[in-house]
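Numbering (our numbering), first residue to last: 31 to 310.
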Amino acid sequence: MVRPLGILAGLAFVAILVFSAITGAISYISEPPAPTAEHEYHLHPKPLHLASDGPLGHYDRQQLQRGFQVYKEVCSACHSLHQVAFRDLTEIGFSEPEVKAIATQWAIEVPSVNPETGEAATRKATPADKFPDPYANETAARAANNNALPPDLSLMAKARHGGPEYIHSLITGYQTQPAELIKKFPDAKTPPSLHYNPYFANLNVAMPPPLVADGQVTYGDGTKATVDQMATDVSAFLLWAAEPKLENRHRTGVAVVIFLLIATALGFLAYRNVWAGQKH
Ligand code: HEC
C-alpha cells in the first residue's frame with residue numbers, strides 16, 4: 031500500500047515541476063523581462079598583463095613598491111588595508127629601516143591608551159601594526175563619503191570577479207554618461223553624488239575618480255606616472271596584498287608537477303620490471 035502511494039506522490043511532484051517549467055517558459059517568451067541599463071551598458075574588465083600572471087609568474091617587486099606608493103598617497107585617504115601590517119612590506123623589497131620610517135611617518139596614528147591617565151590616545155605606528163584605518167568608524171567613513179562606505183582593500187583583488195583587471199578598469203573607466211543611455215533609460219541617469227563608470231556593477235559608483243592626472247604621484251624609480259601606469263601598479267599591489275603567498279603556490283605547483291612526472295616514469299619502469307618475464 032505504501033509503495034503505490036509513494037509513487038503517486040512522486041508523480042504529483044513531477045507533474046507540478048513540469049507544469050511550472052512550462053508556464054514559466056511561456057510567460058518568459060510572451061513577456062520577456064524589460065532590458066535594464068546595467069544589462070546593456072555594463073562592461074567586462076579590460077585585459078591587464080602582470081608579471082605574476084600564469085603558473086610561473088613572479089611579482090615584480092619594483093612595481094609593487096610603486097603600487098604601494100599609489101595606495102599610500104591616494105587610496106589610503108579613504109580605504110583601509112586591515113589585513114596588512116607594515117612589516118609585511120619587507121616582502122616587496124623594502125628594508126627594515128625603510129619599513130620603520132614608513133610606519134612612524136604614516137599620516138594616521140594608531141589608537142592607544144595613555145599609560146599615565148588610562149585615557150584614549152594615539153601613538154605613532156610601528157612595523158608590527160596593521161595599516162591604521164583612515165576613519166574612526168563606519169559612521170565617520172560614511173559621513174565623509176556621501177553616505178557610501180569605502181570598502182577595505184586587503185582582499186579586494188580576490189573579492190571581485192577579474193581581480194586586478196577589475197580594479198584597473200574601474201579606476202581608469204570613468205566616463206561621461208552616454209546621452210543615448212539617458213534617452214533610453216531616463217530613470218538610470220547618474221545622480222549628482224555618483225559617478226558613471228561602466229565597469230561598476232550598477233554603473234554608478236560613489237567613489238570619485240581617484241586618479242585624475244598624469245604625475246599625480248612622483249615615482250622614485252623614474253617610471254612615468256601616467257594614470258594607466260598608476261592604476262596598473264596599484265592593482266598589482268592589491269593583488270599582492272590579497273595573495274602574498276602566490277609565488278610559493280606557483281613554486282609548489284611546479285615542484286609537484288615535476289615530482290609527479292618522475293613518479294610516473296618510475297611507476298612505468300617498475301611495471302615493466304615486474305611483468306618482464308610474463309607473456310602478455
Ligand atoms: C575620496 C575617497 C576615495 C578615494 C581617494 C579612493 N576611493 Fe575607492 N571607494 C570610495 C568609496 C566611497 C567606495 C564605495 C563605492 C560604492 O559603493 O559605490 C569605493 C570603492 C572602491 C572599490 C570597490 C568597488 C566595488 O566593486 O565595490 C575599489 C576596488 C576601490 N574603491 C579602489 C580604490 C583605489 C585603488 C583607490 C586609489 C587609487 C581608491 N579606491 C581611492 C572612496 C574612495
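C-beta: ideal position from N, C-alpha, C; glycine also.
Do residue i and residue j have their CB atoms nearer than 9 Å?
i	j	result
Ala67	Leu233	yes
Met237	Ala166	no
Gly54	Arg91	no
Ala158	Phe116	yes
Val129	Leu241	no
Lys188	Ala107	no
Pro6	Glu121	The chain is shown from 31 up to 310; residue 6 falls before or after that span and cannot be answered.
Pro164	His109	yes
Lys214	Glu70	yes
Asn176	Ser223	yes
Gly87	Leu276	yes
Phe247	Val100	The residue you asked about is not Phe; residue 247 is Val in the sequence shown. Contact: yes.
Looking at C-alpha atoms only, which residue of the options is the closest neighbour of residue i?
i	options	result
Ser265	Glu139, Gln95, Gly148, Ala131	Gln95
Gln207	Gln135, Ala218, Thr282	Ala218
Asp244	Ala231, Gln259, Phe230, Leu80	Gln259
Asn144	Ile138, Trp136, Lys154, Ala137	Lys154
Arg190	Thr152, Ala231, Arg172	Ala231
Ile78	Phe298, Gly192, Leu296, Ala293	Position check: residue 78 holds Leu in this sequence, whereas Ile was assumed. Closest option to Leu78, Cα to Cα, is Gly192.
Asn227	Ser57, Gln205, Lys214, Lys213	Gln205
Asn278	Val247, Tyr89, Ala64, Pro62	Tyr89
Val119	Gly203, Trp270, Thr282, Ser223	One detail in the question is off: residue 119 reads as Leu in this sequence, not Val. Comparing Cα-Cα distances from Leu119 to each of Gly203, Trp270, Thr282, Ser223, the minimum goes to Trp270.
Ser82	Leu299, Leu268, Phe289	Leu268
Thr262	Val44, Leu80, Ala42	Leu80
Measure the beta-carbon distance from residue i to residue j and round it to whole angstroms, keeping in mind my assumption that it falls under 8 Å.
i	j	result
Pro141	Ala150	7 Å
Pro85	His280	6 Å
Tyr229	Leu73	6 Å
Val114	Lys160	7 Å
Thr156	Ala131	In fact, because the Cβ distance is near 12 Å, the residues do not count as touching under 8 Å.
Ser139	Thr147	One detail in the question is off: residue 139 reads as Glu in this sequence, not Ser. Actually they do not touch by this definition, with Cβ atoms about 17 Å apart.
According to DSSP, is residue i helix, strand or coil?
i	result
Ser142	strand
Thr152	strand
Ala115	strand
Lys102	helix
Asn234	strand
Tyr204	coil
His109	coil
His69	helix
Tyr89	coil
His225	strand
Lys214	helix
Is residue i a contact residue of the ligand MN, with contact defined as CB to any heavy atom under 8 Å?
i	result
Pro238	Summarising the ligand content, the structure contains the ligand HEC and does not contain the ligand MN.
Touch check for the segment 194-205 and the segment 46-55: three-plus C-beta pairs under 8 Å?
-> no
Is it true that the segment 249-257 meets the segment 176-196, where meeting means three or more beta-carbon pairs spaced less than 8 Å apart?
-> no
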